[in-house]
Amino acid sequence: MSASNTLSKAEIITAVSVSVGAAAVGILIYRTICKKDTCVKPKVNLDLQKDNPKVVHAFDIEDIGDKAVYCRCWRSKKFPYCDGAHAKHNQETGDNVGPLIIKRKEA
Numbered sequence: 603m604s605a606s607n608t609l610s611k612a613e614i615i616t617a618v619s620v621s622v623g624a625a626a627v628g629i630l631i632y633r634t635i636c637k638k639d640t641c642v643k644p645k646v647n648l649d650l651q652k653d654n655p656k657v658v659h660a661f662d663i664e665d666i667g668d669k670a671v672y673c674r675c676w677r678s679k680k681f682p683y684c685d686g687a688h689a690k691h692n693q694e695t696g697d698n699v700g701p702l703i704i705k706r707k708e709a
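Under the numbering used here, residues 603 to 709 are what the sequence shown spells out, in order.
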């Protein structure tokens, strides 16, 4: 008995049909489970002031001094000020977030 490594036309058609059917079922299941309004997006703020409905900080320009550096990655232990935690966050996630730097214009 010799083993044949070639597939017949009927076997190829069957394989393609099963693959397309499996992909279609997968897409339907994904769309059913993960509807646009029910999918949970990843959170930016993981642990800061979670008891507040919205985290807001306001500063007067006069109180800032010559320069202030604010966190935008939400990982700073000194939030709202930047402590450089974005460097580790960027390395772990491939992100490119950095701080917001506010400084006075030099006269």
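Cβ coordinates follow ideal geometry from the N, Cα and C atoms, glycine included.
Beta-carbon spacing of residue i, residue j below 7 angstroms
i: residue 681; j: residue 648; result: no
i: residue 678; j: residue 670; result: no
i: residue 702; j: residue 672; result: yes
i: residue 646; j: residue 676; result: yes
Reduced DSSP secondary structure (H/G/I, E/B, other) of residue i
i: residue 702; result: strand
i: residue 603; result: At residue 603, the pLDDT of 47 sits below 50, so the modelled position is not reliable; the number obtained from the coordinates is stated separately. Correct three-state label for residue 603: coil.
i: residue 697; result: coil
Supposed close pair residue i, residue j - CB separation, criterion 8 angstroms
i: residue 706; j: residue 668; result: 5 angstroms
i: residue 685; j: residue 691; result: About 11 angstroms separates the two Cβ atoms, so there is no contact after all.
Bridge partners - residue i, DSSP secondary structure assignment
i: residue 620; result: In DSSP, residue 620 forms no bridge with anything.
CB contact check: residue i to chain D, cutoff 7 angstroms
i: residue 669; result: Annotation note: the requested chain D is absent from the structure, which comprises a single protein chain.
As an exercise, report each continuous alpha helix (DSSP H) stretch of at least 4 residues that is fully enclosed by the region 640–669, in chain order.
663–666
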